[in-house]
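Asks: A single structure is presented below for examination.
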Amino acid sequence: MATIQRFEDLQVWKKARLFSRQIFELTKEGPFANDFDHRRQLRRSADSIMDNIAEGFGRGNRNEFVHFLAIAKGSLEESKSQLYRALDRDYVEQELFDEQYQRAEEIGGMIRKLMQYLNQSKIKGSRYQSPSHPPTLEEDLVNYE
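For the sequence shown, counting from 1, position 35 maps to 23 in the numbering used here; every step adds exactly one.
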(Lines of atoms letter the chains of each structure in order from A and count residues from 1; the text may use other names and numbers.)
(Lines give C-alpha, C1' and ligand atoms only; values in the text may rest on other atoms or scores of the structure.)
Protein backbone atom coordinates (compact mmCIF):
# COMPACT_ATOMS: atom_id res chain seq x y z
CA MET A 1 0.00 0.00 0.00
CA ALA A 2 1.23 3.46 -0.85
CA THR A 3 1.28 6.04 1.89
CA ILE A 4 0.12 9.43 0.66
CA GLN A 5 2.70 12.03 1.61
CA ARG A 6 1.87 14.78 -0.91
CA PHE A 7 -1.40 15.96 -2.36
CA GLU A 8 -0.04 15.13 -5.80
CA ASP A 9 -0.18 11.45 -4.82
CA LEU A 10 -3.97 11.52 -4.37
CA GLN A 11 -5.89 9.91 -7.23
CA VAL A 12 -8.81 12.26 -6.66
CA TRP A 13 -6.53 15.29 -7.03
CA LYS A 14 -5.11 13.86 -10.28
CA LYS A 15 -8.64 13.41 -11.66
CA ALA A 16 -9.59 16.94 -10.57
CA ARG A 17 -6.48 18.30 -12.29
CA LEU A 18 -7.41 16.54 -15.52
CA PHE A 19 -10.98 17.88 -15.26
CA SER A 20 -9.61 21.41 -14.81
CA ARG A 21 -7.39 21.03 -17.85
CA GLN A 22 -10.29 19.70 -19.95
CA ILE A 23 -12.55 22.56 -18.90
CA PHE A 24 -9.82 25.03 -19.83
CA GLU A 25 -9.49 23.47 -23.28
CA LEU A 26 -13.26 23.39 -23.71
CA THR A 27 -13.54 27.11 -22.95
CA LYS A 28 -10.54 28.29 -24.98
CA GLU A 29 -12.42 29.07 -28.17
CA GLY A 30 -15.74 28.83 -29.91
CA PRO A 31 -18.81 30.32 -28.23
CA PHE A 32 -16.97 30.71 -24.92
CA ALA A 33 -14.57 33.17 -26.57
CA ASN A 34 -17.15 35.97 -26.33
CA ASP A 35 -18.80 35.05 -23.04
CA PHE A 36 -16.03 36.12 -20.69
CA ASP A 37 -18.11 35.88 -17.52
CA HIS A 38 -19.29 32.32 -18.12
CA ARG A 39 -15.87 31.17 -19.27
CA ARG A 40 -14.23 32.71 -16.21
CA GLN A 41 -16.78 31.27 -13.79
CA LEU A 42 -16.59 27.75 -15.22
CA ARG A 43 -12.80 27.79 -15.19
CA ARG A 44 -12.65 29.11 -11.64
CA SER A 45 -15.08 26.54 -10.28
CA ALA A 46 -13.22 23.70 -12.03
CA ASP A 47 -9.85 24.99 -10.81
CA SER A 48 -11.18 25.32 -7.27
CA ILE A 49 -11.80 21.57 -7.02
CA MET A 50 -8.15 20.57 -7.24
CA ASP A 51 -7.02 23.61 -5.25
CA ASN A 52 -9.28 22.82 -2.29
CA ILE A 53 -8.22 19.18 -2.26
CA ALA A 54 -4.59 20.34 -2.14
CA GLU A 55 -5.21 23.01 0.49
CA GLY A 56 -7.15 20.64 2.72
CA PHE A 57 -4.43 18.02 2.50
CA GLY A 58 -1.82 20.64 3.28
CA ARG A 59 -3.55 21.67 6.49
CA GLY A 60 -2.29 18.48 8.13
CA ASN A 61 -5.51 17.98 10.05
CA ARG A 62 -8.18 15.40 9.25
CA ASN A 63 -11.11 17.66 10.13
CA GLU A 64 -9.80 20.53 8.04
CA PHE A 65 -9.09 18.15 5.17
CA VAL A 66 -12.68 16.91 5.28
CA HIS A 67 -13.89 20.51 5.41
CA PHE A 68 -11.88 21.46 2.31
CA LEU A 69 -13.05 18.31 0.53
CA ALA A 70 -16.60 19.54 1.15
CA ILE A 71 -15.67 22.89 -0.39
CA ALA A 72 -14.14 21.05 -3.37
CA LYS A 73 -17.40 19.09 -3.71
CA GLY A 74 -19.32 22.38 -3.73
CA SER A 75 -17.08 23.74 -6.49
CA LEU A 76 -17.63 20.54 -8.41
CA GLU A 77 -21.41 20.94 -8.17
CA GLU A 78 -21.04 24.54 -9.35
CA SER A 79 -19.01 23.30 -12.33
CA LYS A 80 -21.80 20.88 -13.21
CA SER A 81 -24.34 23.70 -13.05
CA GLN A 82 -22.11 25.82 -15.28
CA LEU A 83 -21.92 22.93 -17.75
CA TYR A 84 -25.72 22.90 -17.89
CA ARG A 85 -25.65 26.61 -18.67
CA ALA A 86 -23.16 25.95 -21.46
CA LEU A 87 -25.43 23.23 -22.84
CA ASP A 88 -28.49 25.48 -22.65
CA ARG A 89 -26.64 28.24 -24.51
CA ASP A 90 -25.47 25.80 -27.21
CA TYR A 91 -21.82 26.30 -26.25
CA VAL A 92 -21.36 22.53 -26.03
CA GLU A 93 -22.99 19.59 -27.74
CA GLN A 94 -24.88 17.02 -25.69
CA GLU A 95 -22.14 14.40 -26.15
CA LEU A 96 -19.41 16.71 -24.84
CA PHE A 97 -21.64 17.77 -21.97
CA ASP A 98 -22.29 14.13 -21.07
CA GLU A 99 -18.55 13.37 -21.14
CA GLN A 100 -17.64 16.22 -18.81
CA TYR A 101 -20.62 15.62 -16.56
CA GLN A 102 -19.64 11.96 -16.17
CA ARG A 103 -16.09 12.98 -15.25
CA ALA A 104 -17.50 15.36 -12.67
CA GLU A 105 -19.72 12.63 -11.24
CA GLU A 106 -16.72 10.32 -10.91
CA ILE A 107 -14.71 12.97 -9.08
CA GLY A 108 -17.68 13.72 -6.82
CA GLY A 109 -17.95 10.07 -5.88
CA MET A 110 -14.24 9.92 -5.13
CA ILE A 111 -14.43 13.01 -2.92
CA ARG A 112 -17.42 11.58 -1.07
CA LYS A 113 -15.65 8.25 -0.49
CA LEU A 114 -12.47 9.94 0.69
CA MET A 115 -14.50 12.04 3.13
CA GLN A 116 -16.19 8.89 4.46
CA TYR A 117 -12.85 7.15 4.84
CA LEU A 118 -11.34 10.10 6.70
CA ASN A 119 -14.35 10.50 8.97
CA GLN A 120 -14.16 6.81 9.94
CA SER A 121 -10.39 6.62 10.34
CA LYS A 122 -8.27 7.24 13.38
CA ILE A 123 -5.89 9.42 11.37
CA LYS A 124 -5.53 12.82 13.01
CA GLY A 125 -3.30 14.38 10.40
CA SER A 126 0.35 15.05 9.69
CA ARG A 127 0.57 17.97 12.10
CA TYR A 128 0.01 15.52 14.96
CA GLN A 129 2.75 13.11 13.91
CA SER A 130 6.39 13.23 14.81
CA PRO A 131 8.84 13.90 11.96
CA SER A 132 10.07 10.31 12.14
CA HIS A 133 6.52 9.00 11.53
CA PRO A 134 5.04 10.34 8.27
CA PRO A 135 1.27 10.65 7.75
CA THR A 136 -0.48 7.32 7.40
CA LEU A 137 -3.17 8.09 4.85
CA GLU A 138 -3.40 4.95 2.74
CA GLU A 139 -5.42 5.81 -0.35
CA ASP A 140 -5.52 2.14 -1.27
CA LEU A 141 -7.91 1.69 1.66
CA VAL A 142 -10.37 4.22 0.22
CA ASN A 143 -13.08 2.28 -1.59
CA TYR A 144 -13.71 4.56 -4.57
CA GLU A 145 -16.11 2.08 -6.14
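From the three backbone atoms N, C-alpha and C, an ideal C-beta is built for every residue, glycine too.
Predicted model only: the values in this text are computed from it and were never measured.
(1) Verify whether the separation of the beta carbon atoms of Gln(-1) and Gln88 is less than 8 angstroms.
(2) What does the Cβ neighbour count give for Tyr72, buried or exposed, with the cut at 16 atoms within 10 Å?
(3) Give the straight-line distance between the Cα atoms of Ala58 and Ile99, rounded to the nearest whole angstrom.
(4) How do the segment 63 to 71 and the segment 30 to 42 stand: do at least 3 beta-carbon pairs fall below 8 angstroms, yes or no?
(5) Do you know offhand how far Tyr116's Cα is from His26's?
(6) Extract the residue ranges of the alpha helix (DSSP H) inside the segment 0 to 53, only unbroken runs of 4 or more that lie entirely within it.
(7) For Asn51, is the classification buried or exposed, using 16 other Cβ atoms within 10 angstroms of its Cβ as the cut-off for buried?
(8) The alpha helix (DSSP H) that contains Arg91, what's its start and end?
(9) Given a cut-off of 8 angstroms, decide if Glu94 and Lys16 are closer than it, judged by their beta-carbon atoms.
(10) Pick helix, strand or coil for Pro123, following the three-state DSSP scheme.
(11) Expressed to the nearest angstrom, what Euclidean distance is found between the alpha-carbon atoms of Asp35 and Tyr105?
Replies: According to the structure shown:
(1) By the CB criterion at 8 angstroms, Gln(-1) and Gln88 fall outside the cutoff.
(2) By the 10 Å Cβ count, Tyr72 comes out exposed.
(3) Going by the C-alpha atoms only, they are around 8 angstroms apart.
(4) A contact exists between the segment 63 to 71 and the segment 30 to 42.
(5) Confidence at Tyr116 is low in this model, with a pLDDT of 48, below 50, so the placement of that residue is unreliable and no value is reported for it.
(6) Qualifying alpha helix (DSSP H) stretches, in chain order: 24 to 46.
(7) When all chains shown are included, Asn51 counts as exposed.
(8) In the DSSP assignment, Arg91 falls within the unbroken alpha helix (DSSP H) covering 82 to 108.
(9) No, the pair does not count as a contact, with Cβ atoms beyond the cut-off.
(10) With a pLDDT of only 48 at Pro123, under the threshold of 50, the placement of this residue in the model should not be trusted, and no figure is reported.
(11) When only Cα atoms are considered, Asp35 and Tyr105 end up about 24 angstroms apart.
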